[in-house]
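These protein sequences, in sequence, are chains B and S.
Last residue of the first sequence? That's 167 in the working numbering, and every number before it is there in order.
Last residue of the second sequence? That's 922 in the working numbering, and every number before it is there in order.
Since the structure comes first, as structure tokens, the remarks are kept for the end.
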Amino acid sequence: MTAMLQKKICMLGAFSVGKTSLVRRYVSSVFSDTYLTTVGVKIDKKTVDLDGRTVNLILWDLAGEDDVNALRLSYLRGAAGYVLVADGTRPATLDVALSLRGRVEADYGPLPFVLLLNKNDLPDQWTITEGDMDGLRNAGWWVRSSSARTGEGVEDAFMDLAVRTVR
Amino acid sequence: MSTSSADPLEWLLRPPSGDSRFDRKALAGLLLDIARNVRPELAAAPETAPATDIRLEQLRTLLMGHEIEVLARLSQVLDDPEQLAAAVGRILPTAFAQATGDARLGQVLAPSLEKATQTSIRNDPHTLVNILYPLIVPAIRKSIGETIDRTFQSLNETLKHSLTLRGLAWRWEAWRTGVSFAEVVLKHTLVYQVEHVFLIHRHTGLLICHVAAENAASQDPQLVSSMLTAIQDFVRDSFSGAENQGIDTMRLGELTVWSEPGPFATLVAVIRGKPPEELHDILNSALSRIHQERHQALEDFDGDSTGLADVEAELTECVALRQARPQKARFGFPWLALPAAVAVLLFFSAWAARSWQDNRRWDHYLAQLRALPGIVVTETGRRDGKFTVNGLRDPLATDPQQALGVMEISPANVISRWAPYQALDPPIVLKRLEAMLDPPPDVRLSIDGDRIKAEGSAPAAWLDRARAGARMLPSGAPILDLTGVRNVDAPVDARWQDYVARLRAQPGIVITETGQRNGKFLIAGLRDPLALDPNVALTEAGIDPAHVIARWAPYEALDPQIVVRRLQATLTPPPTVRFVVEGDRIVAQGSAPSLWLERAHMAARILPSGAPVFDLAAVKTVSDGAIGKLRDDIQARTIRFDNNEPLPAPGQDALLDQLADDLKALETLAPPLHVVARVMLTGHSDALGKGTFNLSLSLARAEAVRALLRKRGVDPDLLQVRGAGDLEPVLAQDTEAARSANRRVSFTVELEEQL
Numbered sequence: 001m002t003a004m005l006q007k008k009i010c011m012l013g014a015f016s017v018g019k020t021s022l023v024r025r026y027v028s029s030v031f032s033d034t035y036l037t038t039v040g041v042k043i044d045k046k047t048v049d050l051d052g053r054t055v056n057l058i059l060w061d062l063a064g065e066d067d068v069n070a071l072r073l074s075y076l077r078g079a080a081g082y083v084l085v086a087d088g089t090r091p092a093t094l095d096v097a098l099s100l101r102g103r104v105e106a107d108y109g110p111l112p113f114v115l116l117l118n119k120n121d122l123p124d125q126w127t128i129t130e131g132d133m134d135g136l137r138n139a140g141w142w143v144r145s146s147s148a149r150t151g152e153g154v155e156d157a158f159m160d161l162a163v164r165t166v167r
Numbered sequence: 168m169s170t171s172s173a174d175p176l177e178w179l180l181r182p183p184s185g186d187s188r189f190d191r192k193a194l195a196g197l198l199l200d201i202a203r204n205v206r207p208e209l210a211a212a213p214e215t216a217p218a219t220d221i222r223l224e225q226l227r228t229l230l231m232g233h234e235i236e237v238l239a240r241l242s243q244v245l246d247d248p249e250q251l252a253a254a255v256g257r258i259l260p261t262a263f264a265q266a267t268g269d270a271r272l273g274q275v276l277a278p279s280l281e282k283a284t285q286t287s288i289r290n291d292p293h294t295l296v297n298i299l300y301p302l303i304v305p306a307i308r309k310s311i312g313e314t315i316d317r318t319f320q321s322l323n324e325t326l327k328h329s330l331t332l333r334g335l336a337w338r339w340e341a342w343r344t345g346v347s348f349a350e351v352v353l354k355h356t357l358v359y360q361v362e363h364v365f366l367i368h369r370h371t372g373l374l375i376c377h378v379a380a381e382n383a384a385s386q387d388p389q390l391v392s393s394m395l396t397a398i399q400d401f402v403r404d405s406f407s408g409a410e411n412q413g414i415d416t417m418r419l420g421e422l423t424v425w426s427e428p429g430p431f432a433t434l435v436a437v438i439r440g441k442p443p444e445e446l447h448d449i450l451n452s453a454l455s456r457i458h459q460e461r462h463q464a465l466e467d468f469d470g471d472s473t474g475l476a477d478v479e480a481e482l483t484e485c486v487a488l489r490q491a492r493p494q495k496a497r498f499g500f501p502w503l504a505l506p507a508a509v510a511v512l513l514f515f516s517a518w519a520a521r522s523w524q525d526n527r528r529w530d531h532y533l534a535q536l537r538a539l540p541g542i543v544v545t546e547t548g549r550r551d552g553k554f555t556v557n558g559l560r561d562p563l564a565t566d567p568q569q570a571l572g573v574m575e576i577s578p579a580n581v582i583s584r585w586a587p588y589q590a591l592d593p594p595i596v597l598k599r600l601e602a603m604l605d606p607p608p609d610v611r612l613s614i615d616g617d618r619i620k621a622e623g624s625a626p627a628a629w630l631d632r633a634r635a636g637a638r639m640l641p642s643g644a645p646i647l648d649l650t651g652v653r654n655v656d657a658p659v660d661a662r663w664q665d666y667v668a669r670l671r672a673q674p675g676i677v678i679t680e681t682g683q684r685n686g687k688f689l690i691a692g693l694r695d696p697l698a699l700d701p702n703v704a705l706t707e708a709g710i711d712p713a714h715v716i717a718r719w720a721p722y723e724a725l726d727p728q729i730v731v732r733r734l735q736a737t738l739t740p741p742p743t744v745r746f747v748v749e750g751d752r753i754v755a756q757g758s759a760p761s762l763w764l765e766r767a768h769m770a771a772r773i774l775p776s777g778a779p780v781f782d783l784a785a786v787k788t789v790s791d792g793a794i795g796k797l798r799d800d801i802q803a804r805t806i807r808f809d810n811n812e813p814l815p816a817p818g819q820d821a822l823l824d825q826l827a828d829d830l831k832a833l834e835t836l837a838p839p840l841h842v843v844a845r846v847m848l849t850g851h852s853d854a855l856g857k858g859t860f861n862l863s864l865s866l867a868r869a870e871a872v873r874a875l876l877r878k879r880g881v882d883p884d885l886l887q888v889r890g891a892g893d894l895e896p897v898l899a900q901d902t903e904a905a906r907s908a909n910r911r912v913s914f915t916v917e918l919e920e921q922l
């Protein structure tokens, strides 16, 4: 086995915001999605290249937060960073993301993270204004809009996070 | 506050207690100065303000009232232990919290905490038991569980196989190889192979290293290791009461996944087949080796496994673990094999009886071998059903093979290895001498204690050879005593002549007459009682004393050799003195107590005239030797003191160390020389101060030095103290230099020789 750099990254977000769809096409995945509903987590891997250095992001796709399934925060132990995913067409999911971030910060301290506002391929249903996003950016957040369908923003988000966790 | 003194304001000038720095005069002057500046017409006023003015005190209270109060409160808190404790107690938690970053805090607190824990256990062990209970009980439960598992496994297997043909074959193998039956059963039934080993960082769940067996396939090990961690977390979260544990075993068809948790990393082994419980120990010890060697790297692991590449070797060893399936062989059910088993058992018990007998014979044989001279048994055992014995054997020792025949042990059943060596046991040396010297029939060699004695008579040529042979015996071997062999070649007359010649050459023997009378030899003369015994010489010459008439008159010989013996006998010199004969002088060397030396001189003077000179010039007295030098060294030293101080002036530790070393050397040197040493520590003071005070100060100084020396290991019995006050000054002048020199402790060593 060749030695390489690995970083544990968690994917967090409300139920059905498209986390799983986001990773499905852009990462190498060996486990079936049923893990999410059974164990509450599915492990995937995303390999990025940082200035010639291979970094394996081990993605822990955590089951979506809803009224029934509370997030198992213990899965975040040892994470180098996380991806918050919200649905740009449903403002409530952004609130969930904000509250998730607060809970993670309370338990594990500040960690590098990226907020993805997903489903930007549906502009007519988009409810989050550029002002909202600028507000978050001004508060120091890394915010991107993305689309699981077109792949927009996904690669960049992982790249951003990789740079910040390795630094 | 006293008002009864002559001046009612006198107390103002007197500094109140604890306030000696308040300069009233300066304050009064300052005030006057300010007044003059404000009102120049006051310039004519008196030059000095009355320092006793009560208004000054009022002014001070006005200016400093609050501060005085605060200081008073503070000093009250500081002086009252209870208040101080309360005050410190209020800030202690904060202080500890702030100091946690400082490594010294832990170091400082550790001894107290250890002591506190010890006391707590001594007072009531239950307290600590209650604290540790939640930790200990799960560990014990787990350990017992594993042991029971192991026992059951072994029991099941044993029962299952004990009555089959295969079981009997295994019993046979167990007996043949000397391992327990249970181990043989496990060896044959537990067929397994370790296919994958993952070393997973516990905190992040990231893979540190993965090694797979050649033929094993699996998914991406990085993902597998994270998923395993996630499942562990899932189980831990889902079932309360297992917070500190995890899954240690997972089974899936033929695969078993064992997880061995360590402090920083978990070792996960994927095993195909039926692993024996002992494999846990092997995996665990590999894991602890990794932890031991790479403790820091594991703790600091942040996803970069470059620095941990070397653990791969350890994991590769784990993957190599396997128990291959033995050749397929079909055996029937136990019941079908029963008749055969009974036959085998019958045969086996007959065989066992025989084997027991063989064992006894073998033990007996070994005991006999061990008793044989020239044979050293170093190792015995059994291998492949045969007896083995290794050791050393002198070629002249009894042949071990022969002894086998006597014991009815078949030589074919014995593997023996003997390395040759030369034994020094008297019987073997005797054999060797017999083989080497081939003594004539009249000579008998026999063992006499640790000597080999030759007796009888032999030709001169053989005697010469025997003497040469005796000289060639290795050191440590028995001595060959040839004095009992008469030289048959020398006629008795010649032997008599040799004898007489030998006596003539002896100091202290003067032969006056020799001859023969009535067929006997006659010899007469003078003999110093300290000279050689003629009878002994007679026996050595092989002459029968019954054939000799000897008359010896005692006299005092003056030969140096005899005089030396006489001096040795009368003076009993101490072991440090040696007498040497140099020509016709006797020279004594070494060192001795002076009293002994006096006696020796006396003895030298009363030696008869014509006797050798007894030269005692080279003997040193005790005080000339090392002990005398030590005495001078000690006496040359002084310890200095500052004015009025009973403790030595600083900076003299090295001096005291040196002094203590010398005194300890004195302690050890004196007894062998029969010298009693006493050291007097005399304290001195300078001439300032009263005589009685100086006396007690000087004594205190001597006592202090004695205590300091005692602390350095000097026997206090050796040291005596006295105080000389200022009566024994080293310098009489009235200068500071002289006074400083006089403030000292001096040393006097008294060496008393004892005879």
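Note that the Cβ used here is the ideal one computed from N, Cα and C, for glycine as well.
* Asked: So with Cβ pairs under 8 Å, would you call G440 of chain S a contact of chain B?
  -> For G440 of chain S, no CB of chain B lies under 8 Å from its own CB, so it is not counted at the interface with that chain.
* Kindly list the residues whose CB is nearer than 6 Å to the CB of M133 of chain B, restricted to its own chain and excluding five residues on each side of it in sequence; keep chain order. => Taken in chain order, the residues that qualify are V143.
* Asked: DSSP state of K19 of chain B, grouped into three classes?
  -> It is helical.
* Reduced DSSP secondary structure (H/G/I, E/B, other) of T344 of chain S -> T344 of chain S: helix per DSSP, three-state reduction.
* Taking C-beta to C-beta, are T150 of chain B and D107 of chain B nearer than 8 Å? -> Contact: no.
* Could you name the residues of the segment 70-95 of chain B whose beta carbon sits closer than 8 Å to any beta carbon of chain S, in the order they occur along the chain? => When C-beta distances to chain S are compared with 8 Å, the residues of the segment 70-95 of chain B below that value are R72, S74, Y75, R77, G78, A79 and A80, in chain order.
* Hey, does V41 of chain B have any beta-carbon neighbour from chain S nearer than 8 Å? -> Yes, its Cβ sits closer than 8 Å to a Cβ of chain S.
* To do: Drop a sphere of 10 angstroms on the beta-carbon of M639 of chain S, count the other beta-carbons inside from all chains shown, and report buried for 16 or more, exposed for fewer.
  => By the neighbour-count rule (16 or more Cβ atoms within 10 Å), M639 of chain S is not buried but exposed.
* Range covered by the beta strand (DSSP E) that runs through G757 of chain S -> Element bounds for G757 of chain S: R752 to A759.
* Would you kindly work out how many angstroms separate the C-alpha atoms of P110 of chain B and R101 of chain B, rounded to a whole number? => About 9 Å.
* **Cβ neighbours of F498 of chain S in the same chain (closer than 8 Å, five flanking residues each side left out)** => Because F498 of chain S carries a pLDDT of 45, less than 50, the predicted location of this residue cannot be relied on, and the following value inherits that uncertainty. Counting only Cβ-Cβ distances below 8 Å, and skipping sequence neighbours, we find T331, L332, R333 and A504.
* Which value, in whole angstroms, describes the spacing of the CA atoms of F263 of chain S and D269 of chain S? -> C-alpha separation (whole angstroms): 10 Å.
* Stretch-stretch touch, CB-based, cutoff 8 Å, three pairs: the segment 829-848 of chain S with the segment 909-921 of chain S -> Counting C-beta pairs with one atom in each stretch, the segment 829-848 of chain S and the segment 909-921 of chain S have three or more that are closer than 8 Å, which means they touch.
* Once you ignore the five residues that flank L559 of chain S on each side, which residues in its own chain have a CB closer than 6 Å to its CB? -> Take L559 of chain S, set aside five residues on each side of it, and the residues of its chain with a beta-carbon closer than 6 Å to its own are V543, A586 and Y588, in chain order.
* How is the beta strand (DSSP E) around E917 of chain S delimited, first residue to last? -> Secondary structure note for E917 of chain S: its beta strand (DSSP E) is the uninterrupted segment R911 to E920.
* Per DSSP, Q243 of chain S is paired with what? -> Beta-bridge pairing links Q243 of chain S to no other residue.
* How many angstroms separate the CA atom of G372 of chain S from the CA atom of Q6 of chain B? -> For G372 of chain S and Q6 of chain B, the gap between their C-alpha atoms comes out near 10 Å.
* Measuring CA to CA, which of S:K553, S:P594 and S:G856 is closest to A564 of chain S? -> The residue with the shortest Cα to Cα distance from A564 of chain S is S:P594.
* Checking contacts by CB at 8 Å: is Q250 of chain S closer than that to chain B? -> Not closer than 8 Å to any Cβ of chain B, the Cβ of Q250 of chain S fails to qualify, so no.
* Per-residue burial, W523 of chain S [other beta carbons within 10 Å of its own, 16 or more giving buried] -> Of the other Cβ atoms in all chains shown, fewer than 16 fall within 10 Å of the Cβ of W523 of chain S; this residue is therefore exposed.
* **Interface residues of the segment 383-406 of chain S facing chain B [CB-CB below 7 Å]** => Result list: Q386, D387, Q389, L390, S393, M394, A397, I398, D400, F401 and D404.
* Any beta-carbon of chain B closer than 8 Å to the one on G927 of chain S? -> This structure cannot settle anything about residue 927 of chain S, because the visible part of chain S is limited to 168 through 922.
* Asked: Excluding the five sequence neighbours on either side, which residues of its own chain have a C-beta within less than 6 Å of the C-beta of L73 of chain B, listed in chain order?
  -> D107, listed in sequence order.
* To do: Starting from G372 of chain S, find everything on chain B with Cβ-Cβ shorter than 7 Å and list it in chain order.
  => Under the 7 Å cutoff, chain B gives K8 and G78.
* To do: On a CA-only basis, which of B:V85, B:S99, B:T54 and B:N56 is nearest S16 of chain B? Give me that one, please.
  => Minimum Cα distance to S16 of chain B is reached at B:V85.
* With DSSP run on the structure shown, which of helix, strand or coil describes S863 of chain S? -> S863 of chain S carries a helical assignment under DSSP once its states are collapsed to helix, strand and coil.
* When the Cβ atoms of the segment 612-621 of chain S are set against those of the segment 640-653 of chain S, are three or more pairs found closer than 8 Å? -> Inter-segment contact for the segment 612-621 of chain S and the segment 640-653 of chain S is present: three or more beta-carbon pairs are separated by less than 8 Å.
* Closer than 8 Å to chain S by CB, K19 of chain B -> No, its Cβ sits nowhere closer than 8 Å to a Cβ of chain S.
* Asked: Do G643 of chain S and L597 of chain S have their CB atoms nearer than 8 Å?
  -> Not in contact: G643 of chain S and L597 of chain S (Cβ atoms no closer than 8 Å).
* Asked: Since A397 of chain S and V154 of chain B are thought to touch, with beta carbons under 8 Å apart, how far apart are those beta carbons, to the nearest angstrom?
  -> So it is not a contact: roughly 23 Å between Cβ atoms.
* Chain-ordered neighbours of L5 of chain B on chain S, where CB pairs are closer than 7 Å -> Those within 7 Å of L5 of chain B in chain S are G470 and D471.
* To do: Spell out whether any CB of chain S is found under 8 Å from the CB atom of K45 of chain B.
  => Taking Cβ atoms only, chain S reaches closer than 8 Å to K45 of chain B, which makes this a yes.
* Return yes when the Cβ of C376 of chain S is within less than 8 Å of the Cβ of L390 of chain S, no when it is not. => Not closer than 8 Å, so no.
* Length of the line joining the Cα atoms of I676 of chain S and A534 of chain S -> About 57 Å.
* Span separating the alpha-carbon of G709 of chain S from that of R671 of chain S -> Taking C-alpha positions only, G709 of chain S is separated from R671 of chain S by approximately 18 Å.
* Asked: Could one say the Cβ of N56 of chain B lies closer than 8 Å to chain S's Cβ atoms, at least one of them?
  -> Among the CB atoms of chain S, one or more fall inside 8 Å of the CB of N56 of chain B.
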